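One structure is given below, encoded as structure tokens.
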Amino acid sequence: MKKQAKKIPASPETQQEALKIARGTQRPGQTKEQTKLIAQGIQKGIQQYKIQHKAKSRELNKKLRHSSQNAPHTRLQDAARQTSVIYRQHWLPWLLLALTWLAIVVYIFFLDL
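Quick note on numbering: the sequence shown equals residues 353 to 465 in this note's numbering.
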């Protein structure tokens, strides 16, 4: 058997926000009853979003708690990975620097005479 979902009453802020959105999208010639029905639909959508957001938040908290229990092992592995990183520089910039200095020396001593 399915569990019956508890009907959560909407907060006044949610009701006001839904009514504000419904009035903002109101078409010319639309009756107040139609606007109220639209506001109720928007309110229901907001409630569903909040319920889904809470469920996702709970799942994320469970995963974080589970991963924090395994964290000491992963920290040691991360430390071992970080020590093995070796940075190498490319030789082209150093060659260009040397050629530039050589060109300056040639210009000053041989062409400035």
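Using N, Cα and C, we set each Cβ at its ideal position, and we do this for glycine too. Here the structure is a predicted model, which means the values were calculated and not measured.
Rounded to whole angstroms, what's the CA-CA distance from Gln399 to Ile373? Just pull it up for me.
-> 15 Å
Taking the alpha carbon of Pro364 as the point to measure from, which residue in Ala455, Tyr439 and Ala391 has its own alpha carbon closest?
-> Ala391
Helix, strand or coil for Ala362 per DSSP?
-> coil
At which residues does the alpha helix (DSSP H) containing Trp453 begin and terminate?
-> Leu444 to Val458
Helix, strand or coil for Gly381 per DSSP?
-> coil
Would you identify the three-state DSSP class for Gln441, choosing helix, strand or coil?
-> coil
Would you kindly work out how many angstroms separate the C-alpha atoms of Gly397 and Asn413, rounded to a whole number?
-> 24 Å
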